[in-house]
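Enquirer: For the protein sequence lines, the chains are U and R, in the order given.
Going by the working numbering, the first residue of the first sequence is number 1, and it counts up by one from there.
Going by the working numbering, the first residue of the second sequence is number 1001, and it counts up by one from there.
Built from N, CA and C at the ideal position, the CB exists for glycine as well.
One structure coming up, written as structure tokens, with questions to follow.
There are 2 protein chains.
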Amino acid sequence: MRERLPALGKSVLRGVGDDAAWLKTASQTLVTCDLLIENVHFLPQLTPPRLLGRKALSVNLSDIAAMAGIPDFAILGLGFPREIELEYADELLEGFLEVAAENKVELIGGDTTAAPVLTIAVTVLGRALNKRPVLRSGAKAGDEVWVTGTVGDAGLGFELLKKSLNQEQEISELHYSSLAVRHLNPTPRLEAGQKLAAIANAMVDVSDGIVSDLTRILEESSRKTPLRGRLFLERIPLSRDFRKYFEDKPWQSKNGLALALTGGEDYELLFTAAPKKRRLIAKLADELGLAFSRIGKIEKARKIEIILQHENGKTLPLPKPWFEHFPKTESTPN
Amino acid sequence: MRERLPALGKSVLRGVGDDAAWLKTASQTLVTCDLLIENVHFLPQLTPPRLLGRKALSVNLSDIAAMAGIPDFAILGLGFPREIELEYADELLEGFLEVAAENKVELIGGDTTAAPVLTIAVTVLGRALNKRPVLRSGAKAGDEVWVTGTVGDAGLGFELLKKSLNQEQEISELHYSSLAVRHLNPTPRLEAGQKLAAIANAMVDVSDGIVSDLTRILEESSRKTPLRGRLFLERIPLSRDFRKYFEDKPWQSKNGLALALTGGEDYELLFTAAPKKRRLIAKLADELGLAFSRIGKIEKARKIEIILQHENGKTLPLPKPWFEHFPKTESTPN
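Written out as structure tokens, the structure is:
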């Protein structure tokens, strides 16, 4: 692997090739780690290795984005089944290094071993902008809830890929459809995250769907008083392709509702901010060319919960998780 | 997992419970990562979960020891098969936290997921003593080669455990025999490593046997001129139990020779130092109550190689790796 690595920057005093990497670090460091395991987090028959390598790093960068952080270093642990081909491993590493280069992250070490299924363990080190990350625990009653981009696409893309597999359909086109791309090749919202450092009170990335991820913010932010989140259904941002799939009536479909609220893996940023920040957020949206949607608010409550309501005020029950709606395959990513 | 964790020290600004951990760090950081995978690195039927948890952290701490470093933080990624019992997972975590507490390391984050076999990904962050770690690349011609403790025990212990399994023998006693313990519960030589910061020119931990690990030092240290290592067979330190197993003639046994030189997993420190450091090393041995054996020297050469010789000067060929000598089981740890 070592000869494949690009030249290292001056913060890397020693990279691959010793017992440990030796790095120059800031006085504060952010660390995140994710395991990606074949048939649990990805289906190899649906996932080209280059995109898998990209995603393995992107999902970790998304965690750094959600802290308003700057990623610096990555460590890659790889477990390969014996039958895997060298070309496959090469493409996986190539994808990983592409995302590293795109985001000025250096691969500084790792471990390679045999494993019964393809196993990818990624650790990313970074630092907080302005020495203070945005935590999940900073949400306040009165805050508004925002999300970047659109949600539900990655889940729907994954469903379409699985369907194509069952029907033995040609999937090469689907791989590059906008929905499948959201599942296969997520974009970590690093720049948006960093710009939100001075705006957001609490932030998380959308890995398990906005209901689960907003609940995490509520759990961490509810100290003396429990907090609840109120979500306005029609404000939840959906892509054109997502709407089209549900014949422009996504909210009248149980599957559409479930995917948008619980689909996960969109890797957008979900955050809360004081109402007075609206103008700054609008400016940021223009600057980045990225949608920022105000989808709800944070309120004092008797217990931690999420209330879902129509714009007309009528509440509706939270959908069951999407994977209970769609026909199951052997495995569902989590 | 979160409620099981001990209270965090003041260097941990945010531990488990956010998108990333947030840490106070020194201006230089050491990072190491190891994957441990069931049936590749350990056989679950031979490995009590508490000891597996201990070993998962200890082998990473050994990497920090080999840099003359101080470990500070650990990140634990766990992939569990669905059939695993909660009690098993609890004991594994307990063992991991024991070693963390013994070495003042804080578990600051991780990831838990499903996996087809038990999968453990550990990352450890630390810092170099005196801001400068001991690298593999510092060996010089004229240096002497040293190793702490005894070697070959872990490999022999593993062989004994496997034999007991094949013969359906009672293994509970064996688990606690001195040789099996070397395989099941290695001791990271952190204090020795730190004390060697001002003594050793190059250092590595013995994870794959002294021949492989010394070769790593030679490869990293050979720049303008290739370096070779000369090892004096009879000086290689063996435990009483190891000698006894080979009827006090370990060097006349092909298996004894192979285990001592290529057995691996002893997690002792192998280092080179200038001859003038002998007195300092003798003092350190007294202070720590740990054997330090001078087993060879580093010489200029035409190519990178290891020469093995008797004390009388007669050379002998390097043994084949131990796992080619012993009857194979399905899997051999690497």
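Which residues does DSSP list as the beta-bridge partners of P71(U)?
Expert: P71(U) pairs with G126(U).
Enquirer: Looking at the strands, I want to know which residues DSSP matches up with D34(U).
Expert: V122(U)
Enquirer: Under 8 angstroms, CB to CB, which of the residues in the stretch 1205-1230 of chain R have a partner in chain U?
Expert: D1205 and E1220
Enquirer: So G1095(R) and L1052(R) are in contact, right, with Cβ under 8 angstroms, and what is the actual spacing, rounded?
Expert: 7 angstroms
Enquirer: What does the alpha-carbon distance come out to for the pair V1134(R) and A1066(R)?
Expert: 7 angstroms
Enquirer: Considering only the alpha carbon of each residue, which of L259(U), P226(U) and R228(U) lies closest to F242(U)?
Expert: L259(U)
Enquirer: Are the C-beta of G53(U) and some C-beta of chain R separated by less than 8 angstroms?
Expert: no
Enquirer: Could you tell me whether the Cβ atoms of P1071(R) and V1124(R) are closer together than 8 angstroms?
Expert: yes
Enquirer: Quick check on the DSSP output: the alpha helix (DSSP H) that includes K195(U) runs from which residue to which?
Expert: From DSSP, the alpha helix (DSSP H) with K195(U) extends over L190 to K195.
Enquirer: Any beta carbon of chain U sitting closer than 8 angstroms to that of E1330(R)?
Expert: Because the pLDDT of E1330(R) is 42, which lies under 50, any placement of that residue in the model is unreliable, and the number read from its coordinates should be weighed accordingly. Not closer than 8 angstroms to any Cβ of chain U, the Cβ of E1330(R) fails to qualify, so no.
Enquirer: According to DSSP, which residues form a beta bridge with K1024(R)?
Expert: Q28(U)
Enquirer: Counting only beta-carbon atoms, is G1009(R) nearer than 8 angstroms to chain U?
Expert: no
Enquirer: Mapping DSSP to helix, strand and coil, what is T1112(R)?
Expert: strand
Enquirer: Measure the Cβ-Cβ separation of A101(U) and P6(U) and say whether it is below 8 angstroms.
Expert: Contact: yes.
Enquirer: Please identify the residue among V1204(R), I1120(R), E1085(R) and A1139(R) whose C-alpha is closest to the C-alpha of V1147(R).
Expert: V1204(R)
Enquirer: Can you list the residues of chain R that Q28(U) reaches, using a CB-CB cut of under 9 angstroms?
Expert: L1013, W1022, L1023, K1024 and T1025
Enquirer: Cβ atoms of I1298(R) and T1215(R): under 8 angstroms apart, would you say?
Expert: no
Enquirer: Look up R1230(R) in the DSSP assignment and say whether it is helix, strand or coil.
Expert: strand
Enquirer: Looking only at DSSP bridge pairs, what is R14(U) linked to?
Expert: Answer by DSSP bridge pairing, in chain order: W22(U).
Enquirer: Which residues, in chain order, does the stretch 82-112 of chain U contribute to contact with chain R at a C-beta distance below 9 angstroms?
Expert: I108, G109, G110, D111 and T112
Enquirer: Enumerate in chain order the residues of its own chain whose CB-to-CB distance from R1302(R) is below 7 angstroms, with the five nearest sequence positions on each side excluded.
Expert: P1226
Enquirer: Going straight from the alpha carbon of T332(U) to that of I120(U), what length do you get?
Expert: For T332(U), the pLDDT reaches just 41, beneath the cut-off of 50, and the residue's location in the model is therefore unreliable, although a value from the coordinates is still provided. Roughly 17 angstroms between the two C-alpha positions.
Enquirer: How would you call N130(U), buried or exposed, if buried means at least 16 neighbouring beta carbons within 10 angstroms?
Expert: Exposed, since its Cβ has fewer than 16 Cβ neighbours within 10 Å.
Enquirer: Give the DSSP-derived three-state secondary structure of A1202(R) in the structure shown.
Expert: strand
Enquirer: Roughly how far, in whole angstroms, is the beta-carbon of A115(U) from the beta-carbon of G79(U), given that I think they are within contact range, below 8 angstroms?
Expert: The pair is a contact, with the Cβ atoms about 3 angstroms apart (cut-off 8 angstroms).
Enquirer: For S27(U), count neighbouring Cβ atoms within 10 angstroms of its own Cβ and tell me buried if that reaches 16, exposed if not.
Expert: exposed
Enquirer: Assign H335(U) to buried or exposed, taking buried as 16 or more other Cβ atoms, counted over all protein chains shown, within 10 Å of its Cβ.
Expert: Because chain U here runs from 1 to 334, residue 335(U) falls outside it and cannot be looked at.
Enquirer: What's the call for K1195(R), buried or exposed, on a 16-neighbour Cβ count within 10 Å?
Expert: buried
Enquirer: What residue range does the alpha helix (DSSP H) around A1100(R) cover?
Expert: L1086 to E1102
Enquirer: What's the call for N1060(R), buried or exposed, on a 16-neighbour Cβ count within 10 Å?
Expert: The Cβ neighbour count for N1060(R), taken over all protein chains shown within 10 Å, is at least 16; the residue is labelled buried.
Enquirer: Assess, as a yes-or-no matter, whether the stretch 1005-1022 of chain R is touched by the stretch 7-25 of chain U under the definition of 3 or more beta carbon pairs within less than 8 angstroms.
Expert: no
Enquirer: Chain U partners of T1148(R), CB-CB under 7 angstroms?
Expert: Correct list: empty, because the minimum Cβ distance to chain U is about 15 angstroms.
Enquirer: Using a Cβ-Cβ cut-off of 6 angstroms (strictly less than) and excluding sequence neighbours within five positions of K314(U), which residues of its own chain qualify?
Expert: none
Enquirer: Please decide whether G1264(R) counts as near chain U, where near means a Cβ-Cβ distance under 8 angstroms.
Expert: At a cut-off of 8 angstroms between beta carbons, G1264(R) makes no contact with chain U.
Enquirer: Mind pulling the chain R residues with CB within less than 8 angstroms of R136(U)?
Expert: G1017, D1018 and D1019
Enquirer: With 9 angstroms as the C-beta to C-beta threshold (strictly closer), list the residues of the stretch 1031-1042 of chain R near chain U in chain order.
Expert: If the cut-off is 9 angstroms between Cβ atoms, the stretch 1031-1042 of chain R has V1031, T1032, C1033, D1034, L1035, L1036, I1037, E1038, N1039, V1040 and H1041 near chain U.
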